[in-house]
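Undergrad:
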Amino acid sequence: MNYDLDKYGLSKEELFARVDHSSLESEKITAPRYSYWHSVFRVFFKKKINIVILILLGIILLMTYGYPLLVEYDRYTNLLSSAAKHLSPSKALKEMGMSIHWILGSGASGQSTFDALWTGARISVSLAFICAAINLTVGVVIGALWGFSKKFDTFMMALYNIIGNIPYVLLISVLVMLFTPSFWTMVFALTVTGWLTIAYFIRTQVIIIRDREYNLASKCLGTSIFRIALKNILPFMTSVIVTLAATEIPSYISYEVFLAYIGMGLSDMSLGRLIYEAEGAMLTPGWGFEFWSPVAVASIITIVLYVVGQNLGDASDPRTHM
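At position 159 of the sequence shown (counting the first as 1) the number is 162 in the working numbering, and the numbers step up by one without a gap.
#1: By the three-class DSSP mapping on this structure, what secondary structure does Ser-185 have?
#2: Look up Ser-257 in the DSSP assignment and say whether it is helix, strand or coil.
#3: Leaving out the 5 sequence neighbours to the left and right, which residues in its chain are closer than 6 Å to Met-99 when beta-carbon positions are compared?
#4: Thinking Ile-236 and Thr-305 are a contact (beta carbons under 8 Å), I'd like their distance in whole angstroms, please.
#5: Compare the beta carbon distance of Phe-47 and Ala-318 with 8 Å and say whether it is the shorter of the two.
#6: My output table needs one value for Ser-109: the three-state DSSP class, helix, strand or coil.
#7: Going straight from the alpha carbon of Val-190 to that of Tyr-163, what length do you get?
#8: For the candidate residues Leu-308, Pro-321, Met-101, whose alpha-carbon lies nearest to that of Ile-58?
#9: For Ser-115, which of helix, strand or coil comes out of DSSP?
#10: Buried or exposed: which applies to Val-311, given that a residue is buried once 16 or more other Cβ atoms fall within 10 Å of its Cβ?
#11: With distances taken from CA atoms, which of Val-298, Arg-125, Ala-131, Leu-247 is nearest Thr-328?
#12: Thinking C-alpha only, which one of Pro-238, Lys-153, Val-55, Leu-90 is nearest Tyr-39?
#13: According to DSSP, is Pro-71 helix, strand or coil?
#14: Using C-beta distances below 8 Å, list every residue in its chain close to Val-179, excluding the 5 sequence neighbours before and after it, in chain order.
#15: If you drop the 5 nearest sequence neighbours on each side, which residues of the same chain put their C-beta closer than 8 Å to that of Ile-56?
#16: CA-CA distance, Gly-61 and Gly-316?
#17: Could you say if the region 111–126 and the region 167–178 meet the contact criterion of at least three C-beta pairs nearer than 8 Å?
#18: Could you give the distance in angstroms between the alpha-carbon of Phe-292 and the alpha-carbon of Ile-145?
#19: So is Ser-185 buried or exposed if we call it buried at 16+ other beta carbons inside 10 Å?
#20: Which value, in whole angstroms, describes the spacing of the CA atoms of His-89 and Gly-110?
#21: Kindly indicate which residue of Lys-234, Gln-114, Ser-129 has the alpha-carbon position closest to the one of Glu-75.
#22: When you compare the CB positions of Leu-247 and Val-260, do they come within less than 8 Å of one another, or not?
#23: If you drop the 5 nearest sequence neighbours on each side, which residues of the same chain put their C-beta closer than 8 Å to that of Phe-44?
#24: Distance, Cα to Cα, Phe-155 vs Ser-42?
#25: Considering only C-alpha positions, which residue in the set Glu-251, Met-285, Thr-241, Val-245 is nearest to Tyr-264?
#26: Taking the beta carbon of Pro-170 as the centre, do at least 16 other beta carbons fall within 10 Å, making it buried, or is it exposed?
#27: List the whole-angstrom C-beta distance separating Ile-3 from Val-298, where the pair is believed to meet the contact cut-off of C-beta under 8 Å.
#28: Any idea if Cys-134 is buried or exposed, counting beta-carbon neighbours within 10 angstroms, 16 or more meaning buried?
#29: For Lys-153, collect the residues of the same chain with a Cβ closer than 8 Å to its Cβ; drop the 5 residues on either side in sequence, then sort them by chain order.
#30: Shortest alpha-carbon distance to Arg-78 belongs to which of Asp-320, Trp-198, Asp-271?
#31: Relative to the alpha-carbon of Ile-212, which residue among Gly-150, Ile-54, Ala-95 has its alpha-carbon at the smallest distance?
#32: Just verifying my parser: in three-state terms, what is the DSSP assignment at Gly-266?
#33: At what residues does the alpha helix (DSSP H) containing Ala-161 begin and finish?
#34: Distance, Cα to Cα, Thr-183 vs Arg-276?
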């Protein structure tokens with residue numbers, strides 16, 4: 004077929020162009036670059052409820068760590084003023100002045116319930132994050148090695164059968180009673196054996212996938228067990244580890260609140276300590292905010308952290324990226 008190039012104002016050079024062949028260029032893959040975590044967050048933020056929960060979590064963490072930096076909290080400032088004690092929010096705003104400090108009323112020492120609430124939340128949330136970081140790190144690493152080494156498995160199973168049958172709350176209570184109930188004592192009590200259950204769970208997951216072809220090939224090539232566990236096994240269980248974190252972080256807040264409620268918790272002004280000291284105000288008319296406000300904040304923090312972790316664990320499962 005002949006074309007009248009002059010009719011369209013084209014030349015042969017403009018209509019056809021020579022393409023040079025390059026072996027290097029032909030080997031390049033033109034598919035878009037894949038990022039695992041980019042895919043994870045794309046799936047996570049696809050659900051609008053996750054965005055709402057994440058905003059709520061951000062507000063809680065901002066108040067937990069930001070507000071105490073702006074306010075110098077002293078629970079004994081109004082100790083000698085009987086008129087400042089056990090005030091309802093409406094009375095506190097009227098008597099003490101229109102301020103954010105008094106929107107939840109005052110406590111037994113005349114202290115601001117609102118200020119005490121976020122000071123206690125900072126201690127409880129910090130305790131939960133530190134304990135979760137220690138237990139998850141130790142538990143995941145030991146669990147991965149536990150699932151690979153038969154000699155290590157014999158020793159660890161004996162240890163697990165002994166310690167695992169002791170009620171965890173009872174063990175924590177005994178350790179707290181042996182030492183001064185301080186922040187780092189509580190961290191020690193929650194982490195000295197807290198990693199063992201996580202390690203056993205990871206060990207079970209490792210046993211399921213350790214004999215797959217790519218792991219056997221790595222072992223035949225002389226790759227060490229530690230490297231196989233670190234490079235081949237743990238990345239495969241990212242969603243499992245994230246889900247574990249989702250359950251562990253809220254559980255430590257619950258343990259701290261429970262131990263403080265029965266009188267064996269922190270001596271610091273944590274959420275559990277606030278609930279313990281305000282127990283008598285639970286059913287007293289006008290004093291309920293002293294008890295129910297830390298209960299509500301502890302519940303909200305626990306639920307929000309759990310939901311965010313669970314949804315992030317689901318999003319980090321590669322099967323949801325199809």
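Glycine residues also receive a C-beta, built at the ideal position from the N, C-alpha and C atoms.
TA: Walking through what the data contain:
#1: Of the three classes helix, strand and coil, the one that applies to Ser-185 here is coil, per DSSP.
#2: Correct three-state label for Ser-257: helix.
#3: Contacts found: Trp-105.
#4: Taking the Cβ atoms as the reference, Ile-236 lies roughly 30 Å from Thr-305, outside the contact range of under 8 Å.
#5: In this structure, Ala-318 lies closer than 8 Å to Phe-47 by Cβ.
#6: Here DSSP, grouped into helix, strand and coil, assigns Ser-109 to strand.
#7: Each residue's alpha carbon lies about 21 Å from the other.
#8: When C-alpha distances from Ile-58 are compared across Leu-308, Pro-321, Met-101, the shortest belongs to Leu-308.
#9: Note: Ser-115 maps to strand in three-state DSSP.
#10: The residue in question, Val-311, is buried, as its Cβ has 16 or more Cβ neighbours within 10 Å.
#11: The structure shown does not extend to residue 328, since the chain is modelled only from 4 through 325, so no value can be given for it.
#12: When only C-alpha atoms are compared, the closest one is Pro-238.
#13: Helix at Pro-71.
#14: Cβ within range, chain order: Thr-188, Met-189, Ala-192, Leu-262, Met-267, Gly-268.
#15: Closer than 8 Å at the Cβ level, and outside the excluded window around Ile-56, lie Val-307, Val-310, Val-311, Asn-314.
#16: Roughly 19 Å between the two C-alpha positions.
#17: Not touching, per the Cβ criterion.
#18: So the two alpha carbons sit approximately 45 Å from each other.
#19: Exposed, since its Cβ has fewer than 16 Cβ neighbours within 10 Å.
#20: Rounded to whole angstroms, the gap between the alpha carbons of His-89 and Gly-110 is 5 Å.
#21: Selection Lys-234, Gln-114, Ser-129 evaluated against Glu-75 yields Gln-114 as nearest (Cα-Cα).
#22: No, Cβ-Cβ distance for Leu-247 and Val-260 is not below 8 Å.
#23: Cβ neighbours of Phe-44 beyond the five flanking positions: Ala-318.
#24: Rounded to the nearest angstrom, the gap between the Cα atoms of Phe-155 and Ser-42 is 37 Å.
#25: Closest by alpha carbon: Met-285.
#26: Flag for Pro-170 reads exposed.
#27: Residue 3 lies beyond the stretch modelled for the chain, which goes from 4 to 325, so this question has no answer here.
#28: Counting Cβ neighbours within 10 Å, Cys-134 comes out buried, since at least 16 surround it.
#29: Same-chain partners within the cutoff: there are none.
#30: Nearest to Arg-78 by alpha-carbon distance, out of Asp-320, Trp-198, Asp-271, is Asp-271.
#31: It is Gly-150.
#32: It is coil, neither helix nor strand.
#33: 153–166 is the span of the alpha helix (DSSP H), which, as asked, contains Ala-161.
#34: C-alpha separation (whole angstroms): 15 Å.
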